[in-house]
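Enquirer: Taken in sequence, the protein lines are chains H and P.
All the letters of the first sequence, read from the start, carry residue numbers 1 to 458 under this note's numbering.
All the letters of the second sequence, read from the start, carry residue numbers 1001 to 1458 under this note's numbering.
Glycine is no exception: its CB is placed at the ideal position from the N, C-alpha and C atoms.
Treat the numbers as computed from the prediction; the structure is a model and nothing was measured.
Before I ask anything, here is the structure I am working with.
2 protein chains.
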Amino acid sequence: LIKKPLLQELLRIVGPENVLSTPEAMAYASKDMATSVLPKMPALVLLVHTREELIRATKACLEHGQALVVRGAGTGKSGGATPDADCVVIDISKLNRIIAIHKAGLLAELEPGVILSDFQRAVDQEGLFYPPDPASVAMCTIGGNVAENAGGPSTFKYGSTREYLLGGQAILGTGEVVDFGKRCMKGVAGYDLASLLCGSEGTLAVFCSFIVRLLPKPKDRALALFLFAKDEDALDATQAVFAGGFRPRSMEYIDSTCLEALLALGFKAIGEEACSALMIECDASVIGAAVLELKSIAHLMEQWPKSRAILAEGAARDEIFTMRKSLSEACSKYLGHKLSEDIAVPLSAIAEFGRWFKAQEQKGLKCGLFGHAGDGNLHVQIMFKSAAHQSAAEALRHQVLLQVLKKQGTLSAEHGIGLQKKDYLALEQSKALIELQKRIKSAFDPHGLLNPGKIFAS
Amino acid sequence: LIKKPLLQELLRIVGPENVLSTPEAMAYASKDMATSVLPKMPALVLLVHTREELIRATKACLEHGQALVVRGAGTGKSGGATPDADCVVIDISKLNRIIAIHKAGLLAELEPGVILSDFQRAVDQEGLFYPPDPASVAMCTIGGNVAENAGGPSTFKYGSTREYLLGGQAILGTGEVVDFGKRCMKGVAGYDLASLLCGSEGTLAVFCSFIVRLLPKPKDRALALFLFAKDEDALDATQAVFAGGFRPRSMEYIDSTCLEALLALGFKAIGEEACSALMIECDASVIGAAVLELKSIAHLMEQWPKSRAILAEGAARDEIFTMRKSLSEACSKYLGHKLSEDIAVPLSAIAEFGRWFKAQEQKGLKCGLFGHAGDGNLHVQIMFKSAAHQSAAEALRHQVLLQVLKKQGTLSAEHGIGLQKKDYLALEQSKALIELQKRIKSAFDPHGLLNPGKIFAS
Chain H
1 LIKKPLLQEL
11 LRIVGPENVL
21 STPEAMAYAS
31 KDMATSVLPK
41 MPALVLLVHT
51 REELIRATKA
61 CLEHGQALVV
71 RGAGTGKSGG
81 ATPDADCVVI
91 DISKLNRIIA
101 IHKAGLLAEL
111 EPGVILSDFQ
121 RAVDQEGLFY
131 PPDPASVAMC
141 TIGGNVAENA
151 GGPSTFKYGS
161 TREYLLGGQA
171 ILGTGEVVDF
181 GKRCMKGVAG
191 YDLASLLCGS
201 EGTLAVFCSF
211 IVRLLPKPKD
221 RALALFLFAK
231 DEDALDATQA
241 VFAGGFRPRS
251 MEYIDSTCLE
261 ALLALGFKAI
271 GEEACSALMI
281 ECDASVIGAA
291 VLELKSIAHL
301 MEQWPKSRAI
311 LAEGAARDEI
321 FTMRKSLSEA
331 CSKYLGHKLS
341 EDIAVPLSAI
351 AEFGRWFKAQ
361 EQKGLKCGLF
371 GHAGDGNLHV
381 QIMFKSAAHQ
391 SAAEALRHQV
401 LLQVLKKQGT
411 LSAEHGIGLQ
421 KKDYLALEQS
431 KALIELQKRI
441 KSAFDPHGLL
451 NPGKIFAS
Chain P
1001 LIKKPLLQEL
1011 LRIVGPENVL
1021 STPEAMAYAS
1031 KDMATSVLPK
1041 MPALVLLVHT
1051 REELIRATKA
1061 CLEHGQALVV
1071 RGAGTGKSGG
1081 ATPDADCVVI
1091 DISKLNRIIA
1101 IHKAGLLAEL
1111 EPGVILSDFQ
1121 RAVDQEGLFY
1131 PPDPASVAMC
1141 TIGGNVAENA
1151 GGPSTFKYGS
1161 TREYLLGGQA
1171 ILGTGEVVDF
1181 GKRCMKGVAG
1191 YDLASLLCGS
1201 EGTLAVFCSF
1211 IVRLLPKPKD
1221 RALALFLFAK
1231 DEDALDATQA
1241 VFAGGFRPRS
1251 MEYIDSTCLE
1261 ALLALGFKAI
1271 GEEACSALMI
1281 ECDASVIGAA
1291 VLELKSIAHL
1301 MEQWPKSRAI
1311 LAEGAARDEI
1321 FTMRKSLSEA
1331 CSKYLGHKLS
1341 EDIAVPLSAI
1351 AEFGRWFKAQ
1361 EQKGLKCGLF
1371 GHAGDGNLHV
1381 QIMFKSAAHQ
1391 SAAEALRHQV
1401 LLQVLKKQGT
1411 LSAEHGIGLQ
1421 KKDYLALEQS
1431 KALIELQKRI
1441 KSAFDPHGLL
1451 NPGKIFAS
């Protein structure tokens, strides 16, 4: 429970209407979208509206030795926003100003609570482009994107959030407010703290604002859905695209089970036959070049005689994008329950991993795979009808993580370790490496008050 | 001077023929290619031939409290390889095996002493592509590239070394040998140590090996040299390329003074008229798309009525590339002496900075600018005829750095801080930020034995 002098100070800083402890507010702040993390009640929820309030409230907590978690939209999938200890949750969703878009400088400054799709829209109106595009784009905040180094389909060509974070302002665990990074496209003055902070899951600093890099908007885009007779054909086809020397904007895999789940949710674009799909989008900075690349890829796909291509334009295009973004939901609804995992394997191991996973189907458990095949990043879906299968599903989830490590893969490609996988980290990384990271954590946060309990097992 | 028990151990580890203290070896190891750093003699030079030797020799030094600097080819430009304290220099240039190129996995494993152009050639033979391309490509080592986060012309489209470093093996200042990073294209398990280590200038760890990401090789490339009537026109033209939505592979600026220096060195490709140039290369994964983009850019350039374009093919193409790589040398030879700086400014400030710098020309000092205009990264050249102008040149160099910071630029875009600019770091970054970085340094190297004296002022 929170100390009285701190509570009084917080009431003064943000006003009583923004210090929340109603059951609804506490329940909302107790969890994110992780499927294997139990909710935990915070000590209190604070709603901040300005950077000054954020800085003052954070400093007050730190001075009183009060642990805290910063929360954006709560769309994270590893429990990163779940208040593990007796934490104050600072909700930054109202700290959502786009401070400036500098068109000639190809950069923008913005606050952490900006919703990604709002930002993308504003940037697009300037003829510019901000590539990161997680499926939660319409809800998630830039702050959460930076905390988790969010990716998405276009990461394949354009990289994750880290490639776009130039710098910003942050509060360290010491209470110091620092400007980090740069306003230039390149820079090697000192250590790359922007890259280190990106993906640090709220454990190193509290973000006040960001400077992000923008790109000129590609003038040409072309999308196709390639349908295959077997799951394996689609996975093999990803290798052919690499070998063919292509660099599409995205290359998304949807296996037969996930396609069934989409059909069940009412998406008809792909027709009734259950088969696997690759959704490939090309883009280019000159008109005509994207279609040129996509047609070359389509030509390549003809080596799978039973494959067929749907070149998607207009409404069909929109439906396919909506379909892709609905995959996680479709798998949740398909049998009523699911566990999901976010893993990556080396590119050469994708097909093999896919085969292994599908062979794990058992009574009551459906195994589905979708994700960013171009990056070897698969979102593993374990679906089941009733709570009776929960423990079997958990056991399979455990096996999936072990199998990924066996294939020299990684526990998390883009969702973070958070609470969900911290007990596994020691299976991927050595003790010396984890101890090093804890010393880095101490360099930023000597008293361990920023998002305690995450990433590293206690 | 080195302690006797340590010396004996080192003799045992690498053999007497690889423990060097001849005047030639000591002089070679006393400096790199920085123009404003005085040479300093090392305590001793060790030549290692295997990773095991590197690990044993490094551990022996650390156990005896002996400071050390790792040296690749010594092509750095900030004094990073200069042994500041009484250091042992470990020369890793013979640790130069390409361990494996995994074609299907789009990655390679290699030792730090591999020469960049050797690696590029091997990768190219597999139909793959490793983008970083500093001008020193034919001499520099991958180890040095990682230590400084080397860039080059293609950074504009493809990013610097950091974007390709997936992981590797390193020795911490504690003597622990750790595997860091991943073999996957994406991964967020724990902090991004690969990004942090990249560009850390040898101050955080000693590298034993790297895992780097490769790309499919672009099938199409097209190069043009655009000549302009005035320096400013070329700089304004870079803005037009951004605004036009193009993303060429590289966009290199050469001002009138640097073109004169090239002419003086015997390059005739550009003709006798002194004017400024943009060298723009486009590439694409389908045949025809690169020329398409380059032609669209050429069309854009017609708004500068006195500009002309040389579409470079065959031998002309090779000469232009050689010319670009010879710029630093040409500026050194032009008047016999030079100081150079590597800075970046925000893209919107390039033309303004260029104007300011050219206005600083004074009796005895010629001001030249070339570099990666697409990234706002300019290599500032201060050329002079005799040592009598050295102090005026140093004074101008000082003014350049102050002007860069005034324009919200950075002290170093790709060459590092090293010894050359450590006294300036506090002008770019706050005390709190620098202290944080020193704590990070301690997390890796608690006794301060790895490349001491670099980056941070004492």
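Kindly say whether P:M1323, judged by its beta-carbon, lies nearer than 8 Å to any beta-carbon of chain H.
Expert: For the purposes of this step, residue 1323 of chain P is taken as the residue at position 323 of the second sequence. So, not an interface residue.
Enquirer: Compare the C-alpha of H:L10 against each of H:R221, H:A104, H:V37, H:L68 and name the closest.
Expert: Here the question's residue 10 of chain H lines up with position 10 in the first sequence. If we check each option's Cα against that of H:L10, H:L68 comes out closest.
Enquirer: According to a CB-to-CB cut-off of less than 9 Å, which residues of the segment 199-217 of chain H neighbour chain B?
Expert: In the structure shown, chain B does not exist; the protein chains are H and P.
Enquirer: Looking at chain P, which residues of the segment 183-196 of chain H have a Cβ within less than 8 Å of any of its Cβ atoms?
Expert: From the segment 183-196 of chain H, only R183, C184, M185, K186, G187, V188, A189, G190, Y191, D192, L193, S195, L196 have a Cβ closer than 8 Å to chain P.
Enquirer: Since H:G105 meets chain P, which of its residues come closer than 9 Å, beta carbon to beta carbon?
Expert: Locating residue 105 of chain H in the first sequence gives position 105, counting from the first residue. Neighbours of H:G105 on chain P, chain order: P1346, L1347, S1348, A1349, G1376.
Enquirer: Can you tell me whether DSSP reads P:P1134 as helix, strand or coil?
Expert: Within the second sequence, the letter at position 134 stands for residue 1134 of chain P. In this structure, P:P1134 counts as coil in the three-state DSSP scheme.
Enquirer: Check the Cβ-Cβ distances between P:Q1403 and every residue of chain H, and say whether any is below 8 Å.
Expert: Taking the second sequence and counting its residues from 1, one reaches residue 1403 of chain P at position 403. Not one chain H Cβ lies under 8 Å of P:Q1403.
Enquirer: Whose C-beta lies closer than 6 Å to the C-beta of P:T1460 among residues of the same chain, with five residues either side of it excluded?
Expert: What is shown of chain P runs 1001 to 1458, which leaves residue 1460 of chain P out entirely.
Enquirer: Report the residues of the segment 1231-1255 of chain P with a CB closer than 7 Å to any CB of chain H, ordered along the chain.
Expert: For the segment 1231-1255 of chain P, which is checked against every Cβ of chain H, the residues closer than 7 Å are Q1239, F1242, G1245, F1246, R1247.
Enquirer: Identify every residue that forms a DSSP beta bridge with P:E1109.
Expert: What you label residue 1109 of chain P is simply residue 109 of the second sequence in a count that begins at 1. Answer by DSSP bridge pairing, in chain order: P:A1100, P:I1211.
Enquirer: With DSSP as the reference, identify every bridge partner of H:G368, one or two as the case may be.
Expert: The residue you call residue 368 of chain H lines up with position 368 of the first sequence. According to DSSP, H:G368 bridges with H:Q381.
Enquirer: Suppose the cutoff is 7 Å on Cβ atoms and the five residues either side in sequence are ignored; what does the same chain contact list for P:V1123 look like?
Expert: Taking the first residue of the second sequence as position 1, residue 1123 of chain P is located at position 123. For P:V1123, where only same-chain residues beyond five positions count, the Cβ hits under 7 Å are I1101, A1108, F1129, Y1130, L1214.
Enquirer: Quick one: give me the first and last residue of the alpha helix (DSSP H) that P:S1442 is part of.
Expert: Here the question's residue 1442 of chain P lines up with position 442 in the second sequence. That run of the alpha helix (DSSP H) goes 1431-1444.
Enquirer: For the beta strand (DSSP E) that contains H:V144, what are its first and last residues?
Expert: Your numbering for residue 144 of chain H matches position 144 in the first sequence. What sits at residue 144 of chain H in the sequence shown is Gly, not Val. Where H:G144 is concerned, there is no enclosing beta strand (DSSP E), although the alpha helix (DSSP H) it sits in stretches over 142-148.
Enquirer: Applying the criterion that 16 or more other CB atoms from any shown protein chain within 10 Å of the CB defines a buried residue, is H:H63 buried or exposed?
Expert: Position 63 of the first sequence, counting from 1, holds the residue named residue 63 of chain H. It is worth fixing the name first, because residue 63 of chain H is Glu in this sequence and not His. Classification for H:E63: exposed.
Enquirer: Which of the three DSSP states, helix, strand or coil, is assigned to H:K3?
Expert: As a first step, residue 3 of chain H must be located in the first sequence, where it is residue number 3. Three-state DSSP puts H:K3 in coil, outside helix and strand.
Enquirer: Closer than 9 Å, Cβ to Cβ, to anything on chain H: give me those residues from the segment 1154-1182 of chain P, in chain order.
Expert: The residues in question are T1155, F1156, G1159, S1160, R1162, E1163, L1172, T1174, E1176, V1177, V1178, D1179, F1180, K1182.
Enquirer: Going by alpha carbons, who is nearest to P:A1290 out of P:L1223, P:H1049, P:Y1158?
Expert: Within the second sequence, the letter at position 290 stands for residue 1290 of chain P. Ranking P:L1223, P:H1049, P:Y1158 by Cα distance to P:A1290 puts P:L1223 first.
Enquirer: When the distance is taken between beta carbons, is H:V178 closer than 8 Å to P:A1373?
Expert: Walking along the second sequence from the start, residue 1373 of chain P turns up at place 373. Walking along the first sequence from the start, residue 178 of chain H turns up at place 178. Cβ distance not < 8 Å, so P:A1373 and H:V178 don't count as in contact.
Enquirer: Could you name the residues of chain P that H:E428 contacts, counting a contact when the two beta carbons are closer than 7 Å?
Expert: Residue mapping note: residue 428 of chain H aligns to position 428 of the first sequence, counting from 1. Result: A1189.
Enquirer: Can you find the residues in the same chain that come closer than 8 Å, C-beta to C-beta, to H:S21, ignoring five residues on each side of it along the sequence?
Expert: Against the first sequence, residue 21 of chain H aligns to sequence position 21. L44, V45.
Enquirer: Does the separation of the CB atoms of H:L450 and H:V206 fall below 8 Å?
Expert: Numbered from its first residue, the first sequence carries residue 450 of chain H at position 450. Numbered from its first residue, the first sequence carries residue 206 of chain H at position 206. Yes.
Enquirer: Which residues in the same chain have their Cβ closer than 7 Å to the Cβ of H:V380, if we skip the five residues on either side of it in sequence?
Expert: If you number the first sequence from 1, residue 380 of chain H lands on position 380. If we look at H:V380 and ignore the five residues flanking it on each side, its Cβ neighbours are S340, E341, I343, F357, L369, V400.
Enquirer: Going by beta carbon distance, what residues of the same chain come within less than 6 Å of H:D233, once the five residues before and after it are set aside?
Expert: Mapped onto the first sequence, residue 233 of chain H falls at position 233. Cβ neighbours of H:D233 beyond the five flanking positions: W304.
Enquirer: Since H:G105 and P:C1184 are thought to touch, with beta carbons under 8 Å apart, how far apart are those beta carbons, to the nearest angstrom?
Expert: For the purposes of this step, residue 105 of chain H is identified with residue 105 of the first sequence, where counting begins at 1. For the purposes of this step, residue 1184 of chain P is identified with residue 184 of the second sequence, where counting begins at 1. No, H:G105 and P:C1184 are not in contact; Cβ-Cβ is about 33 Å, not under 8 Å.
Enquirer: Label P:A1077 either buried or exposed according to how many other C-beta atoms from any shown protein chain fall within 10 Å of its C-beta, with 16 as the threshold for buried.
Expert: Position 77 of the second sequence holds residue 1077 of chain P. Checking the sequence shown, residue 1077 of chain P turns out to be Lys, not Ala. By the 10 Å Cβ count, P:K1077 comes out buried.
Enquirer: For H:R439, return the contacting residues in chain P, with the cut-off set at a CB-CB distance below 7 Å.
Expert: Along the first sequence, one-based indexing puts residue 439 of chain H at 439. Within 7 Å Cβ-Cβ: A1443.
Enquirer: For a contact defined as C-beta to C-beta under 8 Å, what are the partners of H:K219 on chain P?
Expert: In the first sequence, the residue the question calls residue 219 of chain H occupies position 219. G1245, listed in chain order.
Enquirer: Whose CA, out of H:D255, H:S136, H:T82, lies closest to the CA of H:K40?
Expert: Walking along the first sequence from the start, residue 40 of chain H turns up at place 40. H:K40 has its Cα closest to that of H:T82, out of H:D255, H:S136, H:T82.
Enquirer: With H, G and I counted as helix, E and B as strand and the rest as coil, what does DSSP make of P:M1026?
Expert: Locating residue 1026 of chain P in the second sequence gives position 26, where the first residue counts as 1. Helix at P:M1026.
Enquirer: Would you mind sorting P:T1058 into buried or exposed? The rule is 16 or more other CB atoms within 10 Å of its CB.
Expert: Taking the second sequence and counting its residues from 1, one reaches residue 1058 of chain P at position 58. With 16 or more Cβ atoms within 10 Å of its Cβ, P:T1058 is classed as buried.
Enquirer: For the segment 59-98 of chain H, list the beta strand (DSSP E) runs that are entirely contained and at least 3 residues long, ordered along the chain.
Expert: Fully enclosed beta strand (DSSP E) runs of 3 or longer: 68-71, 88-91.
Enquirer: Excluding sequence positions up to five away, which residues of its chain have a Cβ less than 8 Å from the Cβ of H:A73?
Expert: As a working note, residue 73 of chain H is residue 73 in the first sequence. So the list reads S93, I115, S136, M139, C140, T141, G144, once near-sequence residues are dropped.
Enquirer: How long is the line joining the alpha carbons of P:A1229 and P:Y1158, rounded to whole angstroms?
Expert: Here residue 1229 of chain P corresponds to residue number 229 of the second sequence, with the count starting at 1. Here residue 1158 of chain P corresponds to residue number 158 of the second sequence, with the count starting at 1. Taking the straight line from one Cα to the other gives about 30 Å.
Enquirer: For the candidate residues H:L396, H:L347, H:G336, whose alpha-carbon lies nearest to that of H:Q360?
Expert: The residue given as residue 360 of chain H occupies position 360 in the first sequence. The residue with the shortest Cα to Cα distance from H:Q360 is H:L396.
Enquirer: Considering only C-alpha positions, which residue in the set P:R1308, P:M1026, P:H1337 is nearest to P:A1392?
Expert: Against the second sequence, residue 1392 of chain P aligns to sequence position 392. It is P:H1337 whose Cα lies nearest to the Cα of P:A1392.
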